[in-house]
Each structure stands twice: as C-alpha cells, then as structure tokens.
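A short write-up of the structure that comes next.
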Amino acid sequence: MGTPPSLSKVAIIGSGCAAMTTAFELTRPEHGGRYEVTVYQQGFRLGGKGASSRGPAGRIEEHGLHVWLGFYENAFRLMRECYAELGRDPDECPIASWRQAFEPASHVGIVDWSEAAGWEAWTAIFPPLPGEPGDDFTRDNPYTVTGYVVRMLEVLRALLEAATQQLGPTGEKERTPLQKLTTLLRYAGLAALTGAAEVTALLDQLARGRAADVQAPLSALLERLQQALVRERSKLVTGSDDARRVWEIIDLVLAIFRGLVQSGTFLDPRGLDALDDYDIRDWLARYGASAPSLASGFVRGLYDLAFAFEAGDIARPGIAAGQALRGALRFFFTYRGALFWKMRAGMGETIFAPLYEVLTRRGVRFEFFHRLENVRLSGDDQPHVVALELDVQARVLGPQYLPLVHFGGLPCFPAEPDFAQLEQGELLRREGRDFESHWDRRRAGQKRLEVGRDFDFVVLGVGVASLPHICSEILARDSRWRSMCEQVKTVATQAGQAWLAEDMTELGWSLPAVTLSGFVEPFDTWADMSHLLPLELWPVQGREPRSLAYFCSVLADEAPPPARPPPGQWVDYAAEQRALVRRNLGDFLERHVHHLWPRARTEEGFRWQLLVAPDPAQDAALRGRDRLESQYVSANVSPSDRFTLTLPGSTRYRLSPLDATYDNLTIVGDYTACGFNESCVEAAVMSGRLGAHAIAQWPRLEAIVGYDHP
Ligand SMILES: Cc1cc2nc3c(=O)[nH]c(=O)nc-3n(C[C@H](O)[C@H](O)[C@H](O)COP(=O)(O)OP(=O)(O)OC[C@H]3O[C@@H](n4cnc5c(N)ncnc54)[C@H](O)[C@@H]3O)c2cc1C
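Shown next as structure tokens:
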C-alpha cells in the first residue's frame, strides 16, 4: 500500500490491543510526527475486550480472566517499550516497569474426571525456559513448522534418552511434566521397543530440513510407537489416574507428530494453515489419538481456553486444527521465562493506562464517547472512505475528557465515567447510561468526519461482529468482507469474580496459586488471582478478602433484541445478561466449586458468608445467596465484545490488515489474518503492527515475530 507524502491524519476507531498497537507504532519518534493520530472510542475507557476498571474498594473488575502467554513476543515487546518510555518513578508508582507489571505463573492444570475420585485437578509447574518474552532472539526464529517440531522433538529425544537409563528411586513425587513423562516412558520400556538411536538419527535429519527423506521411515516409526503404546495401555494405567493422564499426553503428542509427518505439513508451503479445514479433535483422531485421550481434560482445556464452542453451545466444539496446533506448539515449546505471565493488576492499569499516558505524551488525541455508526465510501471504481459518521454519546465540558483516576499511586480507569466532566452529567448518571452497551443508543449528538479535512486514513479497530453494523456499504459491494463477517464467527462470554474471606488453603486447595481449565460449565476455567489483593484498597474497617477467584466461560447465544427497537420497547439487554451470569456464578459455587475447594461448603451447601462485599454495611446486611449481589460479573454480549472463534474452515476468510482494496482504510483486530489466527492479545498486537505497516511500511514485516504469512 503506497503512502502519499501528504498523508498525515489518521483516525483510529476503537482502543483495543490492536488499535493501541497501531497508534503506538505510527507515533514512534522515528516517524518525526508524520502521523497525527486521533482515537475515537465509545464510552469512557480504553481496552475493548481487555478493558478493566476499579470498582468499590478499588476492586479490579475485568471483562474476564486475562493471562499472557510466554510466547507473546510482540505483545511483551510493546509493553516493555511502553514502560521504558513512560519512565515511572518506582517510589511513587507501584507498577513502574514491565517486570513489575507481570509475574511468572508457571503452575497450570486441568480438571479431569476420574472414576475413582470424580472431578479432580491435575496440575504441573512448568520449568522456566531461558530468557524473557520480548528479549531479542539469539537463535533463529522458532516460529516455523520445522522450528516448532524441532523443539518438540528435543523434548521427546530427552525423554527417550532418559528412558534408556536405569530408573532410580526419585524419593519424591515428580512435579514437572517432563519428570512425569520421563518416568512413564521408563516404565513403559518404549525406548527399548523403538530404539532411541533410530529416532535420534531421523530427528537430526528432520532438523536439517530433510523432511522429504524422513517422511516415510518416521511415519512408520511413529505408528509402531503408537501401537506399542496402545498394547501397553492396560498394563500402564491400571488403577493410576496419574499414569493414565501421562499416557494420554504421550498418545496425543504421538498423534500430532504422526499427523504433521504423514500429512506432509513440513513440505507444504501453507504450513499449518493447510490443516485449518479440520477440527483439531477430528484431525488427532485421524492420526491415531485414542478416544479416551480425545475426551481428556487436556483436549477439553484446549477448547475451553479458546471459548471454542459455536454459538456458545458446548455440544458444538470447534477449532481449526492448524491454528490449534500453532497455538499449542508455541504455548508449550516456545515460551520464555514462564508458560503463563499474570498481570499484577488489571488489564486497564497494567496495559491500557500506560499506553494512554505514552500516547497522549506523543500527541495522540483521544475522543471518548464517540461511537462510529457508518463508514461512507466513494462510489467510484477505486473506492475509498469519504466520511465517518459518529454518534456523540455525551458531550465533554472541558477541552478533553480525562479518563484516569489514581488508586494507591497507580493510574487506573474507574468503573463509571466521571460524569462531572460531561454536559448534563448528573442527568446522564441518573438515567443510568451504559455507554458500552450496543443496546443503549442514547446520544447527545452526531458528528461527520470528512476525508481530507478530518482524516486521511482510517484504522478500523472494532471487533468483527461490529462490522455489519457500521460497514453496510462495504458489505454491500464486497463479497470478501461479507464472507469474512459470515464465516469468522464470534461467541459471547461470561466471567465472574469472587472475593473470599478465607485463603485457598483454608478453602481446601492445597497447591500453589493455579490457572485451571477443562472443568464443568457454567465456568470451565478458574484462576487464583489472590496476588491482586494487595493492590486493591479494601476498607480497613470491614472484612478483608484473603483470596480472589476469577471464573470464565462461554455464554450460550440467544436471540438478542434489536439495537433500535420500536419506541417504548427498549430492553436493557446487557443488564439482563449480567443477571443471568450472576445466577450462573451462584449455581457454580453451589454445585461444583467444592471439587476444587472442598472446605467451601458444609452439609447445608456453599458457605455464602465467605463472599466479602466491598461495602462494610452491605457485607453485614446481605444473607445467603443474596451475597452474590456484592460480587462482580461480566456478560460480554455486545457485538464488539464477543470473542472471535477459529472454527474449522473459517480462517481462509479472514482479511489481512495489509489488504489494499480500500485506499485509505485498514482493519486491525484479533480476527484478521495476522499470522496467529486465534483470538488473544498477541494476535491483536500482531494485527495492530500489520495495520501500522499498511500505512507507514513500518515496522518491517520480518520484525513482526511469528508473522510467517507473506
Ligand atoms: C472473557 C475474555 C477473556 C479473554 N482472555 C484472554 C487471555 O487470557 N489472554 C489473551 O491473550 N486473550 C484473552 N482474550 C482475548 C483478548 O481479550 C482479545 O483477543 C483482544 O483484547 C482483542 O483486541 P482487539 O483490539 O482485536 O479488539 P477489541 O478489544 O474488541 O477492541 C475493539 C475496540 O473497538 C471499540 N468499538 C467497538 N465498536 C465501536 C464503535 N462503533 N465506535 C467506536 N468504538 C468502537 C471497542 O470499544 C474497543 O475499544 C479474552 C477475551 C475475552 C472476551
């Protein structure tokens, strides 16, 4: 995409991870102020699906659990640069550097069904791998099919070599996955069965890029290994859930290997994308994974963590196999430092407030309370955007709305707009305006931005499910956009946060703080987020929580009401859905949480008194299940807040931020073809960097780590 020398004004719509990345890239000092960026954002805060705020008692209130993975190279680089530029004083601000913003979280697990024990957590501490995410690479870029597999093979080789050695008593229970696998392989005698030397030789050839030569012998070897594993199963797993689970991991890893080798993925220029028409479970079955492994907590966790259920129906799981493998291989084999990194506060103050501060310093203008309603195109053959039509949701009294407040020295977004900065603010507050709800269309006015006068280039950073609402002209003329909007589906999500009066040990959870998935609905994912409590501001007079739990899951779709109903029929749909999520949280605490926290209930049921309300009077007054009213829930149902799915057969419909159909328009977001086609912070940041490249030819494409789609 060519950049006319006169281009300077860029209108960015939205402020999620993708849009903020584009703003960050375009306003780098190296550009010498060439791009004058204005961000138009509905409502009063930044962050989109990652937005979080501070509620009563300084509680962190999130859209949902957000953890960062140790392979988020682009996202960590962004934040490392952001914090370096911010230069906060550590004596004044509790989060002054990126290392203070994130902490390693290596304890992860699944919740698995056991005949003997019922629902049971199975966890492991993943050992730190060298470096930290965002460090420069000293080795080759590991993000190629061969790169992933070479790393996976390194692990397998280590296992096989270890398996040929004498098994000595370890004295204590193995904790790392590697230790567990090694022990099982030793017991199984699998190395002796196949010949470690033979495997090693083939792997060396594969690592040297001679995939075609090794395809047949390696396939045969892997099949033999699978057959041996199946033969040994009954001997290996009898009576031991641990052994069964390790057996399942090996079974799945072998199926991945065999699938990659036999399907010729190493030789296919499309790489893993070539597998995207299959669902990952079907693909694994095709290459020999057993039924119990496919039903295991590991595979269920894969779907749960990606909210991968069409229409939020858990009977309809689906993730494109190629992207699922890319995600899993990067996750397990390319992480640096820790497998997971948890933020030390909410996404709002850890990510978006620092970005806001750096960007405003660089001269970016933020227009809050601006909702894009329509993108107007020119009618000619070389279409471009001629105007943007926006609703002004509220008028700001001063020159600019200031969105941040301070909690304990940390700039944060508050849970409500600062109505004092708005025209007729008190009235708007009384009316209970929900500026982020798609169904609350009330507005103070309208604004039309004209090309040439107000902008030269548009960066559309809204979620994919918003596009049909604001891009009807593009969809009417462009079948590729229509296909993308039809095929790249999204799902609503739900999240609950519970502040508890006892610590996790008192509740019966005896292991370190953990992130778990694969559990039962309505909340299949739980993370112990108690580490956040010191940065919240609980009242000294009232009870203080001693632990904090985040739960997350999909939310089944139902037909929402129209955004513009006939007069008098307005429904506060977002509030209705929040009430549903609150009921779901109550049911989950009542019926399921005791599998994780056995002492959270008595014979009468869940101990509701455990829930700590932020207001001492409320804490004293609420009884029984009503105490749920004091906890925080989020129903992410507005189109832009819906989570983007990676359904089988859908990835080819994604358009790239580099697509040059519209001269002065680019799209950025986790739903675009960005090299990592699964919704997450890293995908959004990669997309945002591509969007900046589309305008400024910078960053270089090679500098976008893991972008292997020329
Ligand atoms: C519950 C939940 C949990 C998640 N957990 C994780 C996790 O643990 N780790 C991880 O990496 N990822 C996680 N994700 C995914 C991650 O949050 C997203 O991939 C990422 O935030 C998407 O960023 P984005 O910029 O693509 O889009 P968005 O964040 O959706 O940004 C869109 C922006 O456009 C704005 N907007 C929309 N319509 C308009 C309009 N008409 N006018 C003006 N502005 C508009 C929105 O307000 C928003 O600012 C999670 C997502 C959810 C929903």
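For any residue, its number in the working numbering is found by taking its place in the sequence shown, counting from 1, and adding 705. Backbone N, C-alpha and C define an ideal beta-carbon position, used for all residues, glycine too.
Not one heavy atom of ligand 1 lies closer than 6 Å to the C-beta of Gln1402.
Contact between Pro833 and Gly1042 holds: their C-beta atoms lie close to 6 Å from each other, under 8 Å. Note on Leu1102: under 16 other CB atoms within 10 angstroms of its CB, so exposed under the neighbour-count rule.
Residue environment analysis places Thr1307 among the exposed positions, since fewer than 16 neighbouring C-beta atoms fall within 10 angstroms of its C-beta. In terms of Cβ geometry, Phe1012 and Phe1348 form a close pair [threshold 7 Å]. In the displayed model, Asn1079 falls within a strand according to three-state DSSP.
The C-alpha of Gly1084 is placed about 52 Å away from the C-alpha of Met1234.
Rounded to whole angstroms, the separation of the alpha carbons of Val1245 and Val1219 is 28 Å. Here the C-alpha atom of Ala723 lies approximately 8 Å from the C-alpha atom of Gly1396. In the three-state scheme derived from DSSP, where H, G and I count as helix and E and B as strand, Arg1021 is classed as coil. By a beta-carbon distance limit of 8 Å, Ile1400 does not contact Thr1377. Their separation comes to about 15 Å. Under the rule that a run must span 4 or more residues, the alpha helix (DSSP H) segments found entirely inside the segment 900-977 read 901-912, 916-942 and 946-967.
Remark: C-beta atoms of Ile717 and Gly1166 approach each other more closely than 7 Å. Checking the 6 Å criterion, the Cβ of Arg1076 is within range of a heavy atom belonging to ligand 1. Uninterrupted alpha helix (DSSP H) stretches at least 4 residues long and entirely within the segment 1176-1233 occur at 1177-1182, 1184-1192 and 1209-1212, given in chain order.
Within the segment 1235-1267, complete beta strand (DSSP E) segments of at least 3 residues are found at 1252-1260, given in chain order. Spanning the alpha carbons of Asp981 and Trp1243 requires a straight line of approximately 48 Å.
Its chain contains Trp952 as the residues whose beta carbon lies nearer than 7 Å to that of Arg938, once the 5 sequence neighbours on both sides are disregarded; these appear in chain order. Between ligand 1 and Asn1382, a heavy atom-to-CB distance of less than 6 Å is absent.
Contact between the segment 747-761 and the segment 802-811 is absent: fewer than 3 CB-CB pairs across the two stretches fall below 8 Å. The segment 755-767 makes no contact with the segment 790-802: fewer than 3 CB pairs, one atom from each, lie closer than 8 Å. Remark: the shortest separation between the CB of Cys1385 and any heavy atom of ligand 1 falls under 6 Å.
Using a cutoff of 6 Å, the CB of Gln1282 does not count as near ligand 1, since none of the ligand's heavy atoms is closer than that. Taking the CA atoms as reference points, Ala916 sits about 21 Å from Gly1411. Here the distance from the Cβ of Gln1151 to the nearest heavy atom of ligand 1 is not below 6 Å.
Short of 7 Å from the beta carbon of Ser1142, and not among the five residues preceding or following it, lie these beta carbons of its own chain, in chain order: Ala1279 and Ser1343. In the DSSP assignment, Ala1340 falls within the unbroken beta strand (DSSP E) covering Tyr1337 to Asn1341. Under the criterion of beta carbons closer than 8 Å, Ala1200 and Gly769 qualify as touching, at roughly 4 Å. Separation of Val1286 and Gly1374 (C-alpha to C-alpha, rounded to the nearest whole angstrom) is 26 Å. The beta carbon of Thr1366 sits closer than 8 Å to the beta carbons of Pro1088, Asp1183 and Arg1185 from its chain, once the five residues preceding and following it are set aside; these are given in chain order.
For Gly1032, the uninterrupted alpha helix (DSSP H) run begins and ends at Ala1026 to Phe1038, by DSSP.
Going by beta carbons, Val942 and Ala933 fall outside the 7 Å limit. In the three-state reduction of the DSSP assignment, Arg1005 falls in the helix class, which pools H, G and I. Taking the C-beta atoms as reference points, Leu1077 is found no nearer than 7 Å to Ala1099.
Taking the C-beta atoms as reference points, Ala1125 is found no nearer than 7 Å to Asn1341. Rounded to the nearest whole angstrom, the C-alpha separation of Ala1020 and Phe1256 is 20 Å.
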